[in-house]
Structures are given as C-alpha cells and as structure tokens.
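Student: Would you mind keeping the following structure in view while I ask a few things?
Protein chains: 2
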Amino acid sequence: MTTLSTGLPPAAAQLDSVARLARQLRVDSIRATTAAGSGHPTSSMSAADLAAMLLTRHLRCDWSDPTRQDNDYFVLSKGHASPLLYAMYRAVGVIDEEELLSTYRRGGRLEGHPTPRLPWVPVATGSLGQGIAYAAGIALAGRALPDDPYRVWVLCGDGELAEGSVWEALDKAGLHRLDNLTVIVDVNRLGQTGPTEYGWDLDVYAARMRAFGASVLEIDGHDLAEIDEALETAKTADRPTVILARTVKGAGYPPVADSPNWHGKPLPEAMARDAISMLGGATDLRVEGPLPQDRDGEAGPESFAHHVPSPAVPLVRAPSYQVGERVATRKAYGNALLALGDQDPDVVVLDGEVGNSTGSQEFERAHPERYFQMYISEQQLVAAAVGLAARGWRPYAATFAAFLSRAHDFLRMTAIDGPAVRMAGSHCGVEIGADGPSQMGLEDLAMMRALHGSTVLYPCDATSAAKLTVAMNGLSGISYLRTTRGAYPVLYRPEEDFPIGGSKLWGEGADDVATLVGAGVTLHECLDAATELAHDGLAVRVLDLYSIKPVDAVALRACAEQTPLLITVEDHRPEGGIGEAVASALADVPCRLRHLAVRDLPGSDSTAHNLAAAGIDSRSIAAAVRESAH
Amino acid sequence: MTTLSTGLPPAAAQLDSVARLARQLRVDSIRATTAAGSGHPTSSMSAADLAAMLLTRHLRCDWSDPTRQDNDYFVLSKGHASPLLYAMYRAVGVIDEEELLSTYRRGGRLEGHPTPRLPWVPVATGSLGQGIAYAAGIALAGRALPDDPYRVWVLCGDGELAEGSVWEALDKAGLHRLDNLTVIVDVNRLGQTGPTEYGWDLDVYAARMRAFGASVLEIDGHDLAEIDEALETAKTADRPTVILARTVKGAGYPPVADSPNWHGKPLPEAMARDAISMLGGATDLRVEGPLPQDRDGEAGPESFAHHVPSPAVPLVRAPSYQVGERVATRKAYGNALLALGDQDPDVVVLDGEVGNSTGSQEFERAHPERYFQMYISEQQLVAAAVGLAARGWRPYAATFAAFLSRAHDFLRMTAIDGPAVRMAGSHCGVEIGADGPSQMGLEDLAMMRALHGSTVLYPCDATSAAKLTVAMNGLSGISYLRTTRGAYPVLYRPEEDFPIGGSKLWGEGADDVATLVGAGVTLHECLDAATELAHDGLAVRVLDLYSIKPVDAVALRACAEQTPLLITVEDHRPEGGIGEAVASALADVPCRLRHLAVRDLPGSDSTAHNLAAAGIDSRSIAAAVRESAH
C-alpha cells in the first residue's frame, strides 16, 4: 500500500539529462574495471538508470561536506557494483577521472568493494545481504531516536535476497515502520554462477516483502519515468518501501546484456572501446542533486532533531562494589550500563531478547527511549548497533556469548573501518552448568580476538567489569566484554584502575614456582589453587589477564622471566583464547607454558563439576603446578 | 493451499487418551525440571498437546530401533523445551522414570538442550532458529535424492521466527517443494523477556510463510481434534506445511499460564506438587504410535529408495598432477570432488552460488543429481549439508572462506556430536588481491580451529589439495579445507602421502638458522625466501604445515630443538591461526618463535603487493630471518 507522489514528474529535458548521466555511469563503470583488469561492470550497468535518477532528483546530499548530519545515506548492499558507486562519485564531482581510472590500485580508496575509507560510505559492504541491515539501523536512529529528516537509500541485488539477514532487517524495518528507508532491488536475474532462484518473478519477492511490512513497488528498472515515480512515492509512504526493479545485467551493451557468462568480468579493451562508443563515449557530465534542505512537500520532520550525539565521550563514574560481596559480572555490566545511560546521553543499548540474562534489561527501565529490543536476531542486533553508531550514538549490544557467533560475518565486516560498537557476551564457558554446550560460549574469544582492531576484555569481578564497561565507551572499533553467569566475590576495591591492555598481579614472590594466568571465572580458581598450594609450601603468583586483547605483554614477560612456568587457565576452547594470546605475547621469550582449557565436549552439569571435568578448577590447577613444578 | 485430509478423525476415546498423554507430558516436564532445579517447564507445557497428538497418530517411528532408515524424524528446534522431548521419550518407553528424573545430571544424556548423544536426535538444538534449517536438509535428502517415504517434523517456537535462518530454510523448503517437511510452530506469544514481536497474530506469520512457499494452517494448539486434522492434512500437501498453533505458555497450570515471569524457571517443589495434582498426578501411560510401515493412503513413495548410503567409505584415487604445473588449490579441490563423485556414490556437493570460484561447479556438470545449489545463504548451506549427512550422505560444501563466518553458529552447533560434514573455503587471505578485505578469509582458521573435534587443512599445492580433499571423506566431525585463489606450482609428486596431522619438511640441514613454517600460499613464499637466503649462505628449513589441526607437534618439536628460531608465516590474522597453533604445540618447549601474519587492514591491490604489505612475502620472510638470526 502506498500513497501517491506529491513530486512533479520530471520534464522531458530532465529525463534526457538523466539518461545521459546513466550512460556516463555505464561508461565509467566499464572504463574503471577495464583499466583495473578486475571488477563487476555488468552488475553496475544493470543499476545505472536507478542510480542516475536517484542521484539527480532524490538523494539529498551535500557531497562537499560528508560530515553533514542531515545528508541522506546511500548504502550499496551489492558492494561488488562498486564501479557504479565510484562513477556516481565522479558525477557529483567528489572524485576525478584520474582517481576513477585507478580503481583497485595500491593504496587507493576506491577498493574492490566500498569501505568507509570513503567518507560517504557509512559501513563496508561486499558480503551480500548486509546492506539493508545496516541501513535499517541508520534509519532507526532517525525515527526511534529524536526524529531526523534524513533518508536512507539502499541498492541491493536480487541474489542476496536469499540471505536470512535480509529478512531479519526487513522484519525490524517493518516493525518500526521505518518510512525513511527505501530499498531498491536491482533484479537483474543473474547471479555469479547462473540464474537466481526466482529470476524476474518480481511477484514472489513482492509478496514476501509486503508480508514483512514493506510498501512494495514493481517497476521497469530501465524506465526513467517509472523509476522517478517510484522514488518519489517512497518518500511519502508510511512504512519502508521496497522498489523491485526489473533490470538487465549489462544493460546498455547488447554483447554482454543478460548473459550468464559476464559476472565479475571486466570487458577486454577492444570490447570496452566498442561499448563506450555505443554508449556515446566518455563524457564529463556533472550532476547537481538535491541538497539536504530540499524537502518540499515531503512527509517527516522539517528540521533536524535538537539532540546530536557528541563525539566527546564524557567521564562516567562506574558503580562501586565492596570487596567480598558476590556479584555476577553480567549484573555489573548491566549496572554500568545504567550509569552510562545516566551520565552519557549518547549511550544506547540493544538487546537480543535476553536482557534479563545479560544485564541489559535494567537500562530499559531507566532509559526506554534509548533501549532497542531486537528480539532473537543477532545479525540485526549487530547491524542495528552499527547503524546507530554510524549516526554518532554509542551502542552497547549484548546476547549470550555463544549466540554472537551468529553475527560473526557482520562483526567481520564492521571491523573494516566501521564505527565503534561495544558488544557483551554473557554465559561464557562451561561455568553456566546445566544448560549444556549449545548455550556455552566457548569459541567467542577466538572469534573476537581475530577481528581487525578489536578489544577483548574479560573481567573476573564486578569492580573490573564496571570499570571496563565504562572504558569501552571511549574505544574505537569493536570492543567485547565477556561476562560470567554466576556470582563471584568482588576482588578489587572501587579505587582500582583497569587500563585497557593491563593486568593485575596477585601475590608475587621471589620463590614463585609458577605464574597462574586466569581471567573471569578461572581467576577465582587460580586464586583458590594458590591458596591450596601455599598450604603445601608451594608459592605461585596469579595474573588477572582481564585484557585479552591488547594483552599485557610486559607483565607476561616479567612473569616468564621470574617464574619457571606459566599456566594459563581458560573457560574456553584451547584454540584462539587466553592460552594462545599468552603464547603469542611470549613468542620470542623462551619459556615453559601449559594451557588448561576446555578440550572435550562438555555436558549439562553443575558449575563445579563442569569446571572440574574440563580440568580448569582449582584442584586441577594445583595438580598441574605440582606435576610440572616437581 | 492445502488438500483435504484422507485420514479418519480419531474417535472420542482416542482423543481422550491423547489428552491423558498430554497431561502426562506436562507432569513429566514439571517433574524433570523441578527435580533438576533447572529448565523450561512452561515452554514444554505449551506444546504438550501438539506433541501428544503427533506422537500418538502421526510420527512414524520404531523407537526400539533408532537406526531404521525409514523412521520419521522429529527435530525440536525450540531446544529449551527438552523436558517435553524427554517426557515424550518416556511415553514411548525408551527412557525410564529414573532417567527422566535425573535430567541435566552429571554424565547423563538428557542435557539442558537435546544433543545427538540421544540416538533419536539427529542434530543438537538450543541455538534458536536452526531446527527448520537442519530439518529442511534431512527432508531434501528424501526428495532431491532418491525418493524416501520418511517425513520430518519440526517443533519450533514463535520467538525464533525472528532469526533470518528460519527464512533461509523456508525459502529452500519452498523452492524444493519439500512436501515431507512439517513445521509446527508453538505460538505461545511469550519470549524470555516479554511478549514476542507479533504475539498471537498468527496471520502475520501465515502471510510470510505462504509467501515463502509453504502451505499454512492456523489452529488452536490445545484443541486435539484441530491438531490431528492439521497434522493429517500436512501429510497430503504438495509442499512444506507450517502449522501455526496458538498456544498458552504454561498451559495446564493456571498459576503460571500465559505469565511473562515464568520463562526458564522450574516450579518450586510445592508449586510443582500442586500442578501435578491439578494435572491428575504422575502417570505411566505408554503410547504406541504408528510404525514406519504405517502409511495408509498417504502421498509420497510407498517404499524405501534403492540406494542407501553406505557407512563404508570407499578408497578413492585422487587426481594427479605433475610437479611444476600451476594449478590453484581451489581448482584441485573441484577436480578431487569430481573423482569422489565418480568413485563414491554417496558423496554430495553443496554450493553457495560461487561454484565457479570454489571449484565445486565441475561436480555439477558430472553429477547434477548430487549437486545442491543453495544460492547465497550460507547458514542453509551448512544446515543442508548437516541434514544430508544425518541421512548418511557425505557432503562437501564450499563458499568463500570469508563467508563461512555467516554460518559460524551452525558450525558450532554441528560440532556438538553432529554428523560428519566437509567444508571448503576459497579465496583466503590477502592473496586474492583486488577484491579487497570484504572478500578475504582472514579469520577462518581461528573460527574453524576453535570448533570442537574439527580438522583444519590448508594445502599449498594441487597434489596435497587433492589428497586431503579425498582424505576428508573418511573423517568424522567438521573438516575444513582452506583453498587459495591463485595458481601456484605443484610441489609434490602424485605418490606423496599427506596424513592428517602430518607435515612436510623441505631442505633441512644441521646448520639451519631457522625453520620457516608456512602453509598454502606462504609455503611458496617460504621456499622462495629459503632460496634467497641460501644465496647469502644462510641455511633455513621449511615446514609445510598442511594440517593445521591436528598439528604435527612431533615435527615442530624436532625443528624447535634443531633450529634456534621458528618463523611462522600465514595469510591470516595473527590470532587463532598457524602462528598460535604452532605456539600451542610448542608451549612446553622453550624456544623462540616469530609470527608473520596480516596485522593491518589490507586493501585492494595485486597479490604481490598485498603479500608484501602484510609482511608475509618471501622478501619479508628473508628479512625476518636475517634480522633474527644476526
């Protein structure tokens, strides 16, 4: 269901100038990819008419100032059509011909798939099915947070509609009635290896998208008047709009048009010359599209919201705890979120329908307007956080550590120069007990450590959990806090500081026979083991490795030099976690290490039994020391 | 659209006995969870009537023989309702009261969420949104492979419909018209923290599911006659059926019924006694459901297909290559698949719409009936492979290494005692060049190594790639082959063997100043560096670590003892990959290691430039040796 457009249709002369622009976009897509010897000209050509009309009459952007908060967004979900995007950038005058023709070259910012190294790209794309998800997050910021007049336009392919993440995103867009979101689907019917599932049967997609809450328009993606009307109509709909555009891959150059053999292949030079000539030759058209302030007769707010998130992160006081009281770190995380919410108006919190487990739920009660329930959809949980972050908000998103694996690809893509997002994973490890292996986060450290530029934190008590949660507010990139289900004694006084990249050393002495390295629940087990060993006259020190990445290499080296053995103990699989982080940090220090980790498949049992069965409880640790220290 | 049921409606007496069974299932769910002090009785109670009718009149299973190939399957997608599943098992007589009342106890097989330790459970559940996906794979085996008469029944929750993976699964079920698949949705409207997105609005779900190709029935999930009719109707539909059952969470015990405060909480003992009494007390009903051979008047094949996959893996000869010819390992993977397909009738291949990139496509031409195009849906790619494997087929599934991260949670769940599946990830590392970081698998080794029981292989040439691809056919658990985009010289003669857990040593000597450890593309760079260093009079050896997990600790130790330095070189992030695998293997050997890995964010460039920029090309390696070896 849509309402009628209020915009005037373009005059014939304007249609003609858009058509010429579309030809230039095709020509430039061909030129850039042939020059590079790589890339996707045909996937760019199918969408050139859509892009030309969007750019000329609908996308409101002050290209000269990509920092303007009221610019519209354009998200290229089909990131392999980057030549089209770069051709658009040349048409609006923000890149020149020389840069266009050096696409994919060393050190250049025009990469194979778009990244935020380009200031008009909010988030990297190129893993299909992600663009709508991030765009829905950006659009959410403009509706669920103070109403802003910008719009979000997404260009996606038909093949990527097979990704479940698309439907997670459309579901949330529909639920929140994000009328500022328009998805243009370039239905060129051809994927990489052959026809897509449904070819040009737009009705299949239309029925699905309507059922997911979108207003759907079906058009000929090469008819400029139809395109214009659809884009205009989208601006006045009361919900997200999906424009299903029937297009021809490689449109504009018959020898490659609608051919299954031209995916991801630049045209050879002779063919490129022929195509460019057929398309009217290389031109130097400049398009002046609408500016952010040009919003005649449109639905939505006239002006920008009063509140703009500030890039300056305020100092926030973390909640304090008394040494000895028993508090779960997930609870401390939740309390710290509350403090953040009270003291920083730009903190937002996202939940994957487990807020009472992760600690997030307290925030909902205090700041419901900044709390986003994403239900059981972890990909959208992360994507929405990224979208909100792209608007300057400071998101914290949490679910069980195990279920963050569902969003691995989104985290991987966000790590490509994306905005700062803060993740928390609760219920890590065998410590959770009865619920069994499906609920145990046992691979999360490996996943989170391997992300580019990530910070990985794993506090053992409420004081450190609170301080670290607050510290995450000032970090860039992806930061991750691993929290524990059970309540354990507070070990640190409120005055203690926990710098990122630091550690805490407990009870060192000159006669230490070993260093026990733990974090989270195993830190408590290490301390208990130290006490037990002290009764036997064996001195050990304990290192609290609350910062897993960056790791405190200086402290680890000192321990490696001062004690003959380091034993790492982790409630995680042996691969990619604490043991290997320590081994990496000590790579060039000849020393003896021993890794205690969860090596077998755990089952449902009590926490104590599970820790013992995995060989990471205090008795196992003490036995390892006795065995190794002779 | 559905056709009418041909089954006779149950007599009043039978309805009454099903009602009594449903009460017993509720009572047993309460007893098991209260005894355990953990678990989800209310989520079990909402589905008790559905389960009772399914068990009594529709699910055809010889419970005494779970290995029967013609048994129906029951997949509990809402794995937290395990108490209901265990109550069902008691009702059919395969577990006794004592086992039921020891649910979640140490060493028991009745875990918090179901795992294949129970022989009637094909795949672990408990990460929501996965059950339909696996079930679609099992159902696919019964239709796209020789037609078998078994049916697949899934019980899922309403909250999990927010997961995109559900829609990937329904899309493929609809596309293949899997008329042997029935999904029963227990719409109890309450999630963990509160109401679901759409509550009891069944029409919202119905519209979506119909648009995705399912036949949809909306029923009262507590009306036994309606349930029976729906289940009967499902058996005669010409496509997958979804039964949307409106239910009440905690149904049967008013103090907890439809209350948002009773998710995941066992009833306290006094309440449990009251509830059990209200439900008629503990009973010992035994249900005799239909057997596999009871299929009167149903659509579908009468008898079992001629071909049953054999658990005996035949010896398969790998294709051979001449030393020196340039062949990409992804191409060698594809050729090896062809050989497997020719020589092993039980090998099946799955593609994520990149078969021309991963090498899978050759198999499609030769064995189209055993080739499954899953399009761009990596979660379903993995789930379908798991489902086919659950039927005894030996699947190989491939996409870009980077995009396997999309299926991380499915791989994690499959690693919980699931069937053997073989994955290949192409386009690993910065080696791919121009396409940029979104397409580069740089975290896949960390992800794959951390999976329980996984095997991780990374061949450097076509000979080893072919041999290892064939070897994967005999492995249990998840095995992973990492392949490279570019064509590199074949290094090994066809006679060479590549045992899992082995390595190959090149050019060792008594004077070696270092061991260079590489795999895949970096093995070639290591060999080049060795040649370069030899010109300077510096002797080094090179270890081809083609088996990353299990890793050849014996060879690594020998190198650590015989050379003063080991340098690991990997086209992967520094975390969780080759460097850390080596460091772990040498944890207790005091030695000096140096890790060369991709530490910065790579960009679009040529392979040579990208390897150099990451510091993992031959010149960087040689420089590291000179620098470290003084």
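For the protein sequence lines, the chains are A and B, in the order given. Numbering of the first sequence is given in full-length UniProt numbering, commencing with residue 1 and proceeding in unit increments. Numbering of the second sequence is given in full-length UniProt numbering, commencing with residue 1 and proceeding in unit increments. Glycine is no exception: its CB is placed at the ideal position from the N, C-alpha and C atoms. Just so you know, these numbers come straight off a predicted model, no measurement behind them.
#1: Please confirm if the region 123-137 of chain A is in contact with the region 445-458 of chain B, defined as three or more CB-CB distances below 8 Å between the two stretches.
#2: Which term fits valine 308 (chain A), buried or exposed, when burial requires 16 or more other beta carbons within 10 angstroms of its beta carbon?
#3: Look at the alpha carbon of leucine 25 (chain B) and the alpha carbon of glycine 355 (chain A), and state the distance between them as a whole number of angstroms.
#4: Of the choices A:Ala35, A:Gln130, A:Val152 and A:Ser604, whose alpha-carbon is the least far from that of glycine 429 (chain A)?
#5: Name, going along the chain, the residues of the region 594-620 of chain B whose beta-carbon falls closer than 7 Å to a beta-carbon of chain A.
#6: Show which residues of chain B have a CB atom less than 8 Å away from the CB atom of arginine 626 (chain A).
#7: Out of A:Ala397, A:Ala587 and A:Tyr375, point me to the one whose CA is closest to threonine 196 (chain B)'s CA.
#8: Would you say alanine 629 (chain A) faces chain B, with C-beta separation under 9 Å as the test?
#9: So with CB distances below 7 Å, who are the chain B contacts of asparagine 261 (chain A)?
#10: Return helix, strand or coil for isoleucine 219 (chain B), following the three-state DSSP convention.
#11: Let me see if you follow: with CB-CB separation under 9 Å, is lysine 265 (chain A) close to chain B or not?
#12: If you measure from the beta carbon of cysteine 61 (chain A) to each beta carbon in chain B, is any gap under 9 Å?
#13: Between A:Ile478, A:Ile548, A:Gly537 and A:His452, which lies nearest to phenylalanine 498 (chain A) when the distance is taken from Cα to Cα?
#14: I think isoleucine 621 (chain B) touches alanine 529 (chain B), with their Cβ atoms under 8 Å apart; what is that distance to the nearest whole Å?
#15: Between which two residues does the beta strand (DSSP E) harbouring alanine 398 (chain A) extend?
#16: Note down, in chain order, all residues in the region 129-142 of chain B with a beta-carbon under 8 Å from any beta-carbon belonging to chain A.
#17: Taking 8 Å as the threshold, find out whether the region 177-195 of chain A comes into contact with the region 236-243 of chain A through three or more Cβ pairs.
#18: Buried or exposed: which applies to leucine 8 (chain A), given that a residue is buried once 16 or more other Cβ atoms fall within 10 Å of its Cβ?
#19: Excluding the 5 residues preceding and the 5 following glycine 425 (chain A) in the sequence, name in chain order all residues of the same chain whose CB lies nearer than 6 Å to its CB.
#20: Could you tell me which uninterrupted alpha helix (DSSP H) segments, each at least 4 residues in length, are contained entirely in the region 605-630 of chain B, listed from first to last along the chain?
#21: Give the straight-line distance between the Cα atoms of arginine 273 (chain A) and arginine 31 (chain A), rounded to the nearest whole angstrom.
#22: If we count Cβ pairs, one from each stretch, closer than 8 Å, do we get three or more for the region 65-84 of chain A versus the region 134-152 of chain A?
#23: The alpha helix (DSSP H) that contains alanine 514 (chain B), what's its start and end?
#24: Rounded to whole angstroms, how far is the Cβ of valine 598 (chain A) from the Cβ of isoleucine 616 (chain A), which I believe are closer than 8 Å?
#25: Helix or strand or just coil, what does DSSP make of phenylalanine 498 (chain B)?
#26: What does leucine 543 (chain A) pair with, by DSSP beta-bridge criteria?
#27: As an exercise, report each continuous beta strand (DSSP E) stretch of at least 3 residues that is fully enclosed by the region 403-475 of chain A, in chain order.
#28: Run through chain A and tell me which residues come within less than 8 Å of asparagine 356 (chain B), C-beta to C-beta.
#29: Helix, strand or coil for proline 550 (chain B) per DSSP?
#30: How would you label threonine 115 (chain A), buried or exposed, when you count the other beta carbons within 10 angstroms and need 16 or more for buried?
#31: Just to confirm the assignment: which complete beta strand (DSSP E) runs, minimum length 3, are found wholly within the region 164-251 of chain A?
#32: In chain B, which residues lie less than 9 Å from phenylalanine 403 (chain A) when you measure between Cβ atoms?
#33: What residues are listed by DSSP as bridge partners for serine 479 (chain A)?
#34: Does any residue of chain B have a CB that is nearer than 9 Å to the CB of aspartate 201 (chain A)?
#35: Cβ of alanine 332 (chain B) within 9 Å of Cβ of threonine 522 (chain B)?
#36: Determine, using beta carbons only, whether tryptophan 167 (chain B) comes closer than 9 Å to chain A.
Tutor: Taking the structure as given:
#1: no
#2: The residue is exposed, with fewer than 16 neighbouring Cβ atoms inside 10 Å.
#3: 30 Å
#4: A:Ser604
#5: Correct list: Arg594, His595, Leu601, Gly603, Ser604, Asp605 and His609.
#6: Within chain B, no residue comes near arginine 626 (chain A); the closest Cβ sits about 16 Å away, beyond 8 Å.
#7: A:Tyr375
#8: Nearest CB-CB separation between alanine 629 (chain A) and chain B: not below the 9 Å threshold.
#9: Near asparagine 261 (chain A) there are no residues of chain B at all, since even the closest Cβ is about 10 Å away, more than 7 Å.
#10: strand
#11: no
#12: So no, cysteine 61 (chain A) is outside the interface.
#13: A:Ile548
#14: 4 Å
#15: 394-400
#16: Under the 8 Å Cβ criterion, the region 129-142 of chain B contributes Gly129.
#17: yes
#18: exposed
#19: Ala401, Leu404, Gly441, Asp444 and Arg482
#20: 607-614 and 618-629
#21: 9 Å
#22: yes
#23: Per DSSP, alanine 514 (chain B) belongs to no alpha helix (DSSP H); it is in the beta strand (DSSP E), 514-518.
#24: 7 Å
#25: coil
#26: A:Leu505 and A:Val517
#27: 421-426 and 455-457
#28: Gln192 and Thr193
#29: coil
#30: buried
#31: With a minimum length of 3 residues, the continuous beta strand (DSSP E) runs that stay inside the region 164-251 of chain A are 181-187, 215-220 and 241-246.
#32: Neighbours of phenylalanine 403 (chain A) in chain B, taken as residues at a C-beta separation under 9 Å, are given in chain order as Ser127, Leu128 and Asp409.
#33: A:Arg422 and A:Thr455, per the DSSP bridge assignment.
#34: It does not: the Cβ of aspartate 201 (chain A) has no partner Cβ on chain B nearer than 9 Å.
#35: no
#36: yes
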